[in-house]
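Working notes, structure below.
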Amino acid sequence: MFSNNPLYYHPIAGHIMSGRRFEKLCRCFSVKYANDTNPLVGPMKKLYPVFDMLIQNFQKSYFPDENLSLDESLLLHRGRLVWRKYRKGKKAKYGIKFYELCTHDGYVLNVDMYKGKQTSSAVEEGVSKVDNIVLTLMKPFLNKGHSLYMDNFYNSVTLTNILLEKKTHTTGTLRSNRRGNPKEVTTKKLKRGDHIWRRNKNVYVSKWRDKRDVLCLTTKNHPKIIPSKTNTAYSKINQQK
Numbered sequence: 027m028f029s030n031n032p033l034y035y036h037p038i039a040g041h042i043m044s045g046r047r048f049e050k051l052c053r054c055f056s057v058k059y060a061n062d063t064n065p066l067v068g069p070m071k072k073l074y075p076v077f078d079m080l081i082q083n084f085q086k087s088y089f090p091d092e093n094l095s096l097d098e099s100l101l102l103h104r105g106r107l108v109w110r111k112y113r114k115g116k117k118a119k120y121g122i123k124f125y126e127l128c129t130h131d132g133y134v135l136n137v138d139m140y141k142g143k144q145t146s147s148a149v150e151e152g153v154s155k156v157d158n159i160v161l162t163l164m165k166p167f168l169n170k171g172h173s174l175y176m177d178n179f180y181n182s183v184t185l186t187n188i189l190l191e192k193k194t195h196t197t198g199t200l201r202s203n204r205r206g207n208p209k210e211v212t213t214k215k216l217k218r219g220d221h222i223w224r225r226n227k228n229v230y231v232s233k234w235r236d237k238r239d240v241l242c243l244t245t246k247n248h249p250k251i252i253p254s255k256t257n258t259a260y261s262k263i264n265q266q267k
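Here you go:
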């Protein structure tokens, strides 16, 4: 917000206060209530009202188009927190993990903070914790015809069917050990460049072989191979109809 980088720079913030002033205010930030009648429990009890207010303002200030993306980010933090995460191989190894729902241009619509393994709340019974994370973030945007793009940490045939019933398309990579995967696709041995797909109603699962197998799932587009152009060569691959 206060950065000189054109990707992050915003002129309004700099007119109100300097970046150093903002950092000093953040260091002094504290949440207290005159009467402790907050019914919420858990490690985020004090921050939930502020957190919810921010998210509501995010959603009021911007109406998203069709395509949404769900991913995670790590906020650098080395303090003492029970739910502090460690990610090997990342520049910011220690920090607070956030699950974020964003628009195609990076605007944050909804956020859920990782608060430990035992603190996840169930939105829908009978589904996994990962599925509940997706359903929690997508709750305000279900039944509106959105298309959600996710990686293989979230994607599954089970979740896809739930979202499809709520008029929400999904697209993304898929792990081979997920329940509900078509065995005819996951167990098929392919040569490099080969492609196979199967359909169950409106759910397509496909596998393409490069150096390794790449599984994909979609309910929006037909999983066909299209020509691709690179900087070094142009390879033509026949479309599979």
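Quick note: to get my numbering, add 26 to the position in the sequence shown (first position is 1). Glycine included, each C-beta is placed from N, C-alpha and C at the ideal position. Predicted model only: the values in this text are computed from it and were never measured.
If distances are taken between C-alpha atoms only, which option among the options comes closest to residue i?
i	options	result
ILE122	GLU210, LYS192, TYR140, LEU189	TYR140
GLU191	LYS116, ASN31, SER95, VAL229	VAL229
SER56	LYS71, LYS116, MET43	LYS71
TYR74	GLY152, TRP223, ASP138	ASP138
ILE252	CYS52, GLU98, HIS221, ASN31	HIS221
ASP239	GLN82, GLY45, THR212, LYS170	THR212
ASP97	PRO32, ILE38, TYR125, ASN187	TYR125
LYS58	HIS41, VAL76, ARG47	VAL76
ASP78	LYS193, PRO166, HIS103, LEU107	PRO166
THR186	LEU243, LYS86, PRO32, ARG218	LEU243
ARG110	LYS250, GLY219, GLY142, LYS50	GLY142
GLY219	VAL231, ARG205, LYS250	LYS250
Residue i bridges to which residues according to DSSP?
i	result
ASP239	ARG235
GLY198	MET176, LEU243
HIS221	TRP234
SER44	Bridge partners of SER44: none, in fact.
ASN203	ASN203 is not bridged to any residue.
ASN226	VAL229
Quick one, are the C-beta atoms of residue i and residue j less than 8 Å apart?
i	j	result
LEU216	ARG201	no
THR245	HIS195	yes
THR199	ASN178	yes
SER95	TYR175	yes
TYR180	VAL156	yes
TYR35	SER29	yes
LEU163	ASN136	yes
VAL183	ASN158	no
LEU100	LYS116	yes
LYS214	LYS233	yes
PHE84	VAL134	yes
TYR120	ARG104	yes
LYS193	ASN226	no
At least one CB of chain C closer than 8 Å to the CB of residue i: is that the case?
i	result
ASN181	Chain labels in this structure do not include chain C; a single protein chain is all it has.
How do the stretch 82-99 and the stretch 119-135 stand: do at least 3 beta-carbon pairs fall below 8 Å, yes or no? yes
Please go through the stretch 62-138 and give each complete beta strand (DSSP E) segment of 3 or more residues, from N-terminal end onward. 93-102, 120-129
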